[in-house]
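Comments concern the structure below.
Protein chains: 2
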Amino acid sequence: MAEKSVYRASTTAPVNIAIIKYWGKRDLALNLPTNSSLSVTLSQLSLRTLTTASSSAGYSGDSLTLNGKPQDIQSSKRTLACLSHLRSLRQALESVDSSLPKLSGLPLRIVSENNFPTAAGLASSAAGFAALVRAIADLYQLPQSPADLSRIARQGSGSACRSLMGGYVAWRAGSLSDGSDSIAEEVAPVSHWPEMRAIILVVSAEKKDVSSTEGMQTTVATSSLFPVRVQTVVPSRMDSMEAAIRNRDFSAFAEITMRDSNSFHATCLDSWPPIFYMNDISRAAVRLVHDINRASSKTVCAYTFDAGPNAVIYYLEESSELVVGTFKAILGEDINGWHGPFGDRLLSVTEGVALEKLDSRAISLLKQGVDRVILTGVGEGPVSVDSHLVGETGEILSEAAT
Amino acid sequence: MAEKSVYRASTTAPVNIAIIKYWGKRDLALNLPTNSSLSVTLSQLSLRTLTTASSSAGYSGDSLTLNGKPQDIQSSKRTLACLSHLRSLRQALESVDSSLPKLSGLPLRIVSENNFPTAAGLASSAAGFAALVRAIADLYQLPQSPADLSRIARQGSGSACRSLMGGYVAWRAGSLSDGSDSIAEEVAPVSHWPEMRAIILVVSAEKKDVSSTEGMQTTVATSSLFPVRVQTVVPSRMDSMEAAIRNRDFSAFAEITMRDSNSFHATCLDSWPPIFYMNDISRAAVRLVHDINRASSKTVCAYTFDAGPNAVIYYLEESSELVVGTFKAILGEDINGWHGPFGDRLLSVTEGVALEKLDSRAISLLKQGVDRVILTGVGEGPVSVDSHLVGETGEILSEAAT
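Protein chains in written order, with this note's numbering: chain A, 11 to 412; chain B, 11 to 412.
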């Protein structure tokens, strides 16, 4: 029996961290949001998903392997929706060009690995679905633009649509009921404001009480403060944030980022039953960011929290001394994360704000509760790569072996 | 030189804990609130302020002694406003009845003691100003009703107006700019629903970061979610809460109480900079209350938090086993507060919800973070007493000596 051909394409995709938060779906099946959102795509030097999509008549059925573990693809409606959408686009190509191999009819083998621990509580689903969609689109040689593909990735995980582009990315909520206008859009490329940096304080977390999907539904259904966030607060913040990015105005960027994070967590607290993602360590980080800004007599850093206790703190390259220097002085040299990408250039950073100017209780909480840091910055969208996680004969490889 | 007469009157006044929260002033000088609020007056067997007001030509000037410490009365605009208002009412009486001693012209000596540690972070200013106003009104033999006096006490401390009455008390925000319609009103007397109980979990607190007065101003000025709370959420909850009290519907009472506490803290978090009063221990109490209700298959308890981390948990006498029994099992017999008023009848309470049905992390946090409990229940308004903190010749006495 002749060996069956194995078609492959691989991509990496980035994590993104919202500065105007996505929270609330107006359509559960299509993952349509109640409001627009905006994020910074983070550098893949620090955090990324590597995904290989492959097709072969020799495969026995669609499969997905994530960090070495086979996933139950048939029970994931969201994954199936993405695959089916991508297959139909390939089929359209094949139907007008009979010279193309009929990949749309072949089983898919998808293999994906994150370069960061899933346990760290970092939103890996955004990078994961962005990589999955991008890799299959490449395998199928689809002509669709990143914005078109964002419509598909959105159905996998809402925020995944923002990981299909680099730099500063908006997800327009849209208003059509089929979701065709609910897509990602680049607000500004990396090159417009390349100095944006972030330090992630990874907080030792208990298992999350309430998943994002469940939490959103609860907030939409029960919070009496939520409608004003959706109708008034976020639309106005989207405009101000786009202006802040356009003008490279870090002070405005920072205030809107922090206020929007607080607003999102306020609507969680106002849900019934209430939802808490921030804990005392998170609040210590909030306190220290305000203290560092006060001590610096200008806004040099801004916190934001997703559906978990980790603090993501944005700052500009020029404020590395003040921001990273201070957190290094608090957390100590020995903590995991000062080395590696974005670490080299910060190794010499040792002086921040004098610790006497900061809340001592917050310092002590942070020391106790932060396990590791991740240094990163604004970065590019998905990148095609030659490191495949599926071998030439279809075997699954681990990243270490590629 | 003839000994000068000393006129005296003493009263005790209760603490009240709001179930619809007062947060936000529309007029700072007059202490006029942005929204109506509603509270349960707590039994003076557990918590109360004892205040003696006295007048004598032999005194050298107005003075106030609180828990043995002389206060700087001249720097407290709020106290001066109350004294001046009460004096003018006395003067009106004296002007129509010349047989009355001219007390309005005499210096006042006011001595006040709480029967609970100020450090416990319990709202003592409400009981304090209610007792001050009631004691002076008694000294002056003023004919004004508690509602009339509530208008004066409100100027001392907003929530004090609700401590001039027992049972279930509303503070109507009013709409007049002179505040004359911003007064307290009894929604229902103790006798209407005497079974209401509360356990206060006193959480080891750091010094409060932001005072209530400052916090309120920040929220009013900066929170974009706050206006909807004031305009829509609270008015509708006031109606539902009054109905719940009228119908003695604990399940409705509990849900509104918890949701309103969460809503208030959500607007604090949405303030700029954000304000946090609840901590991880507070959140553990929230979690356990929800768990106890779930395990009981009915709503048997309800949390509420003021501007601090202490949890006040309301329950009905009939649910003592489930509620107090559970907290006793968690916190242990040895913690301060199981004995004394409301403790005697609960000494035999030992069985609550099985601890396996509750979140183990929340149990462990509560054990670590709760210093003492206070057992109490709905109670009466201020009571005239014969235990004076000022002797017959004007000397200051301590309560232990009376």
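Even glycine gets a Cβ: it sits at the ideal position worked out from N, Cα and C. Since this is a predicted model, take the numbers as computed values, not measurements.
Does residue i come out as helix, strand or coil in the three-state DSSP assignment?
i: THR242 (chain A); result: helix
i: GLU123 (chain B); result: strand
i: THR75 (chain B); result: strand
i: THR314 (chain B); result: strand
i: ASP301 (chain B); result: helix
i: THR223 (chain B); result: helix
i: MET11 (chain A); result: With a pLDDT of 42 at MET11 (chain A), under the threshold of 50, the predicted position of this residue should be treated as unreliable, and no value is reported.
i: SER281 (chain B); result: coil
i: MET288 (chain B); result: coil
i: ASN41 (chain A); result: coil
i: PRO156 (chain A); result: helix
i: THR228 (chain A); result: helix
i: VAL200 (chain B); result: helix
i: VAL296 (chain A); result: helix
If you follow the beta strand (DSSP E) that residue i is part of, which residue opens it and which one closes it?
i: GLY387 (chain A); result: 380-387
i: ASP107 (chain A); result: Counting along the chain, ASP107 (chain A) falls outside any beta strand (DSSP E), and DSSP gives it neither H nor E.
i: ALA63 (chain A); result: 58-66
i: ARG207 (chain B); result: 206-213
i: ALA183 (chain A); result: No beta strand (DSSP E) contains ALA183 (chain A), which DSSP labels as neither H nor E.
Is there a C-beta anywhere in chain B that falls below 9 Å from the one on residue i?
i: ASP280 (chain A); result: yes
i: LEU235 (chain A); result: yes
i: ALA249 (chain A); result: At residue 249 (chain A) the sequence reads Asp, which differs from the Ala that was named. Not an interface residue.
i: GLU366 (chain A); result: no
i: ASN77 (chain A); result: no
i: ARG293 (chain A); result: yes
i: ASP290 (chain A); result: yes
i: VAL243 (chain A); result: yes
i: PRO283 (chain A); result: yes
i: ARG36 (chain A); result: no
i: ARG269 (chain A); result: yes
Which residue wins for smallest C-alpha separation from residue i, given the options the options?
i: LEU211 (chain B); options: B:ALA198, B:ALA295 and B:ASP37; result: B:ALA295
i: ALA157 (chain A); options: A:VAL16, A:GLY391, A:THR232 and A:THR223; result: A:GLY391
i: PRO237 (chain A); options: A:SER370, A:PRO199 and A:THR277; result: A:THR277
i: ASN320 (chain A); options: A:ASN77, A:ILE285, A:GLY225 and A:ARG382; result: A:ARG382
i: CYS171 (chain A); options: A:SER185, A:ALA194, A:TRP33 and A:GLU104; result: A:ALA194
i: TYR178 (chain B); options: B:LYS31, B:ASN26 and B:VAL50; result: B:VAL50
i: TYR325 (chain B); options: B:ALA339, B:VAL310 and B:PHE337; result: B:VAL310
i: SER192 (chain A); options: A:GLU205, A:ARG36 and A:GLY387; result: A:ARG36
i: HIS275 (chain A); options: B:MET268, B:ASN346, B:THR267 and B:ILE285; result: B:ILE285
i: ALA312 (chain A); options: A:GLY166, A:GLU205, A:GLU224 and A:ILE266; result: A:ILE266
i: PRO43 (chain A); options: A:VAL299, A:PRO283, A:GLY387 and A:ASP188; result: A:ASP188
Kindly indicate if chain A contains any beta-carbon less than 9 Å away from that of residue i.
i: ASN320 (chain B); result: no
i: VAL296 (chain B); result: yes
i: SER261 (chain B); result: no
i: ALA28 (chain B); result: no
i: VAL238 (chain B); result: yes
i: ASN272 (chain B); result: yes
i: VAL230 (chain B); result: no
i: LYS286 (chain B); result: Here the sequence assigns Phe to residue 286 (chain B), which means Lys is not the residue at that position. Output row for PHE286 (chain B): interface = yes.
i: THR277 (chain B); result: yes
i: THR314 (chain B); result: no
i: GLU390 (chain B); result: no
i: HIS398 (chain B); result: no
i: MET11 (chain B); result: Low confidence applies here, because MET11 (chain B) scores a pLDDT of 43, under 50, leaving its location unreliable; read the following figure in that light. False, the Cβ-Cβ gap to chain A never drops below 9 Å.
i: MET175 (chain B); result: no
i: GLU265 (chain B); result: yes
i: ARG258 (chain B); result: no
May I ask which residues mark the beginning and end of the alpha helix (DSSP H) holding residue i?
i: MET175 (chain B); result: From DSSP, MET175 (chain B) is part of no alpha helix (DSSP H); its letter is neither H nor E.
i: LEU235 (chain A); result: Neither: LEU235 (chain A) is in no alpha helix (DSSP H) and is coded neither H nor E.
i: VAL359 (chain A); result: Unbroken run through VAL359 (chain A): none, as it is neither H nor E.
i: LYS338 (chain B); result: 330-341
(request) Using a Cβ-Cβ cut-off of less than 8 Å, give me the residues of the segment 116-145 of chain A that come near chain B, in sequence order. (result) Those residues of the segment 116-145 of chain A that come within reach of chain B (Cβ to Cβ, closer than 8 Å) do not exist; the list is empty.
(request) Please name the residues in the segment 39-60 of chain A whose beta-carbon is closer than 9 Å to at least one beta-carbon of chain B, in chain order. (result) Per Cβ criterion, the list is empty.
(message) Which residues of the segment 344-356 of chain A have a Cβ closer than 9 Å to any Cβ of chain B? Give them in chain order.
(response) none
(request) Could you please tell me which residues of the segment 78-109 of chain A, in chain order, have their CB closer than 9 Å to any CB of chain B? (result) none
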